[in-house]
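The structure under discussion appears below in the form of structure tokens.
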Amino acid sequence: MGLAKRIIPCLDVNNGRVVKGVQFVDIRDAGDPVEVAKRYNEQGADEITFLDIGATHENRDTMVHTVEKMASEVFIPLTVGGGIRTCEDIRRMLNAGADKVGINSAAVFNPDFVQQAAGRFGAQCIVVAIDAKRVSAAGEAPRWEIFTHGGRKPTGIDAVEWAIKMVNYGAGEILLTSMDQDGVKNGYDLGVTRAISEAVSVPVIASGGVGNLDHLVDGVITGKADAVLAASIFHFNEYTIPQAKKYMASKGIEMRL
Amino acid sequence: MKSIAVIDYGMGNLHSVAKALEHVCPDTRVYVTNDAAKIEASDRVLLPGVGAIRDCMAEIKRLGVDQIVADQMGKKPMLGICVGMQALMQRSSENDGVDCLGQLTGEVSFFGDQASVKEAHLKVPHMGWNQVQQQPHKLWHGIEDHSRFYFVHSYYVRTKARDLVAATCNYGLEFDVALARENLFAVQFHPEKSQAAGLQLLQNFLQWDGS
Numbered sequence: 000m001g002l003a004k005r006i007i008p009c010l011d012v013n014n015g016r017v018v019k020g021v022q023f024v025d026i027r028d029a030g031d032p033v034e035v036a037k038r039y040n041e042q043g044a045d046e047i048t049f050l051d052i053g054a055t056h057e058n059r060d061t062m063v064h065t066v067e068k069m070a071s072e073v074f075i076p077l078t079v080g081g082g083i084r085t086c087e088d089i090r091r092m093l094n095a096g097a098d099k100v101g102i103n104s105a106a107v108f109n110p111d112f113v114q115q116a117a118g119r120f121g122a123q124c125i126v127v128a129i130d131a132k133r134v135s136a137a138g139e140a141p142r143w144e145i146f147t148h149g150g151r152k153p154t155g156i157d158a159v160e161w162a163i164k165m166v167n168y169g170a171g172e173i174l175l176t177s178m179d180q181d182g183v184k185n186g187y188d189l190g191v192t193r194a195i196s197e198a199v200s201v202p203v204i205a206s207g208g209v210g211n212l213d214h215l216v217d218g219v220i221t222g223k224a225d226a227v228l229a230a231s232i233f234h235f236n237e238y239t240i241p242q243a244k245k246y247m248a249s250k251g252i253e254m255r256l
Numbered sequence: 000m001k002s003i004a005v006i007d008y009g010m011g012n013l014h015s016v017a018k019a020l021e022h023v024c025p026d027t028r029v030y031v032t033n034d035a036a037k038i039e040a041s042d043r044v045l046l047p048g049v050g051a052i053r054d055c056m057a058e059i060k061r062l063g064v065d066q067i068v069a070d071q072m073g074k075k076p077m078l079g080i081c082v083g084m085q086a087l088m089q090r091s092s093e094n095d096g097v098d099c100l101g102q103l104t105g106e107v108s109f110f111g112d113q114a115s116v117k118e119a120h121l122k123v124p125h126m127g128w129n130q131v132q133q134q135p136h137k138l139w140h141g142i143e144d145h146s147r148f149y150f151v152h153s154y155y156v157r158t159k160a161r162d163l164v165a166a167t168c169n170y171g172l173e174f175d176v177a178l179a180r181e182n183l184f185a186v187q188f189h190p191e192k193s194q195a196a197g198l199q200l201l202q203n204f205l206q207w208d209g210s
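Those protein sequence lines, which keep their order, are chains A and B. Under numbering that gives the first Met the number 0, the first residue of the first sequence is numbered 0, with each subsequent residue one higher. Under numbering that gives the first Met the number 0, the first residue of the second sequence is numbered 0, with each subsequent residue one higher.
Structural data, given as structure tokens:
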């Protein structure tokens, strides 16, 4: 009896619609974000994440309205990420009703931004998103690096060291996406998930590559994640949230049922 | 028309809590304000709060919210949420120690300092849905004991005044997540983010006569 592990459906949003790219390229339409969020809320999702994948100016205004609408109808925590670069971006999203914001590339280009943001808004609402890829060859000691630009650009930064640094700078949570897995449905990269989860004091959300319910279980049990994030398995009704929760609970994981 | 004042002292997003109140009671007028007259004229008061306690207490004092809270105490039902609850205590160990409003007996401590939390490798902040063990109180009406509520905090309350305790929770140690005294009720979790159970608690508060 205690704190439950969380299931977080992630809605990739572009121009006010939910989309999900497979390996960030192939886009399929999955509906109106507020309607999708309401459906997940009714199913018992523990949180919702909106990821703004367009991140143009017009798109940003649409996103603020979407967040306002969702926050008026759905009463579970909401994280908004994608294109968060300034304290003003954060303020707008929090005022619109977001509970947390995800900072990704902006943290890599300007780590001090994380410190400023946590100082101003509190660590509890600053989620640092990390896109990590394994860079060691087979047989070598495993090593992962931070990538930017949707996984195309390596930065040379060690993923585990980066996570520790971001927590020292005030991140209240780490959203870890293992890039080489994303969208291909082979499951989370459990090695980097566990390495980071064991290295930092704050909760870690595992993301990227979920294809079945065992992947969620592995993320928690082997990867030591505090929360699991998934998109397409829920968007296209392959599994429902209650199904996922019951299955995880049957494997001995504490869930909010 | 019934009314509730959500005290705005500039810390964090009050949109969610205001929307949740409107959602459960469409016939209640919700004011997000720090205007003493408006708060005085409201039937109920809600003291929210997020962020660091030093900044919260500084703004509370700068805007005279400490006096407003003291004036309203005992007059009408009041609900403190999260850092709003912590601000009502005597003192917090956050930011090297900060004196709080002292409306409730007890202190606020850091999870990360506790040996039992460290030994269990528990993450701080305590973030997510945890079970709440209730003590009898009208605000739990229609909410099953051990229901889960959404928490996000690194500091916790444990009071020696056990008669104040309306609920506890466990995260490496047992701590107090709801305190009640006369017409004051304070919770550590976020009812506005705790789906059905949280909305029920807010509805109960909007119907509570403070007894």
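Ideal placement from N, C-alpha and C gives every residue a C-beta, glycine not left out.
Original post:
To which residues of the same chain is Tyr238 (chain A) closer than 7 Å at the C-beta, ignoring the five residues directly before and after it?
Top reply: Leu212 and Ile232
Subject >> Spatial distance of Leu200 (chain B) from Trp143 (chain A) (CA atoms) >> reply: 45 Å
Original post:
Between Ala70 (chain A) and chain B, is there a C-beta pair that is closer than 8 Å?
Top reply: yes
Original post:
Which residue from B:Ala114, B:Ser108, B:Gln85 and B:Asp95 puts its Cα closest to that of Gly101 (chain B)?
Top reply: B:Gln85
Subject >> Spatial distance of Ile125 (chain A) from Gly127 (chain B) (CA atoms) >> reply: 15 Å
Subject >> Identity of the residues DSSP links to Tyr149 (chain B) by a beta bridge >> reply: B:Trp128
Subject >> C-beta atoms of Cys9 (chain A) and Ala229 (chain A) nearer than 8 Å >> reply: yes
**OP:** Pull up the CB-CB distance for Glu106 (chain B) and Gln130 (chain B), whole angstroms please, since I reckon it's below 8 Å.
**Re:** Contact doesn't hold; Cβ gap of about 24 Å is too wide.
**OP:** Whole angstroms is fine: what's the gap from Ser177 (chain A)'s alpha carbon to Val151 (chain B)'s?
**Re:** 25 Å
Original post:
Hey, how far is the Cα of Tyr168 (chain A) from the Cα of Gln206 (chain B)?
Top reply: 43 Å
Original post:
What residues from the segment 92 to 119 of chain A come within 8 Å of chain B, judged by C-beta to C-beta, listed N to C?
Top reply: Leu93, Asn94, Ala95, Gly96, Ala97 and Asp98
**OP:** May I ask you to report which of helix, strand or coil DSSP gives Thr65 (chain A)?
**Re:** helix
Subject >> Residues of its chain near Val24 (chain A), where Cβ-Cβ distance is below 6 Å and the 5 sequence neighbours each way are ignored >> reply: Because the pLDDT at Val24 (chain A) is just 33, under 50, the model does not fix this residue reliably, and the point stays unresolved.
**OP:** Pull up the distance between the alpha-carbon of Ala195 (chain B) and that of Leu189 (chain A), whole angstroms please.
**Re:** 34 Å
Subject >> Own chain, CB closer than 7 Å to Leu138 (chain B), minus 5 neighbours either side, in chain order >> reply: Phe184, Leu200, Asn203, Phe204 and Trp207
Original post:
In or out: Gln66 (chain B) buried (at least 16 other Cβ within 10 Å) or exposed?
Top reply: exposed
Subject >> Rounded separation between Val186 (chain B) and Gly138 (chain A) - CA only >> reply: 52 Å
Subject >> Buried or exposed (CB count within 10 angstroms, at least 16 for buried), Phe110 (chain B) >> reply: buried
Subject >> Close Cβ partners of Arg91 (chain A) (< 7 Å) along its chain, the five nearest in sequence each way excluded >> reply: Val63
Original post:
Is the distance from the Cβ of Asp51 (chain A) to the Cβ of Val107 (chain A) below 8 Å?
Top reply: no
Subject >> Chain-ordered residues of the segment 182 to 194 of chain B with a beta carbon less than 9 Å from chain A >> reply: His189, Pro190, Glu191, Lys192, Ser193 and Gln194
**OP:** Say whether chain B places a C-beta atom closer than 8 Å to the C-beta of Ser200 (chain A).
**Re:** yes
**OP:** Check the DSSP bridge columns for Glu106 (chain B) and list the partner residues they point to.
**Re:** B:Arg90 and B:Arg157
Subject >> Reduced DSSP category for Lys122 (chain B) - H, G, I as helix; E, B as strand; rest coil >> reply: coil
**OP:** Give a yes or no on whether the C-beta atoms belonging to Ala162 (chain A) and Ala122 (chain A) are separated by under 8 Å.
**Re:** no
Subject >> Nearest-angstrom beta carbon gap, Leu78 (chain B) and Gly8 (chain B) [assumed within contact, 8 Å] >> reply: Checking the sequence, you will find Tyr at residue 8 (chain B) rather than Gly. Going by Cβ atoms, the distance from Tyr8 (chain B) to Leu78 (chain B) rounds to 15 Å, so no, they are not a contact pair.
Subject >> Distance, Lys4 (chain A) Cα to Ala117 (chain A) Cα >> reply: 24 Å
Original post:
Would Asn94 (chain B) be called buried (16 or more neighbouring beta carbons within 10 Å of its own) or exposed?
Top reply: exposed
Subject >> 7 Å CB neighbourhood of Ala224 (chain A) in its chain, flanking five on each side removed >> reply: Thr192, Ser196, Val203, Ile204, Ala205 and Gly218
Original post:
Should Leu198 (chain B) and Val23 (chain B) be called a contact, given that it needs their Cβ atoms to be closer than 8 Å?
Top reply: yes
**OP:** Mind checking the segment 144 to 162 of chain B against chain A and listing, in chain order, the residues whose C-beta falls within less than 9 Å of any C-beta there?
**Re:** His145, Arg147, Tyr149, Phe150, Val151, His152 and Ser153
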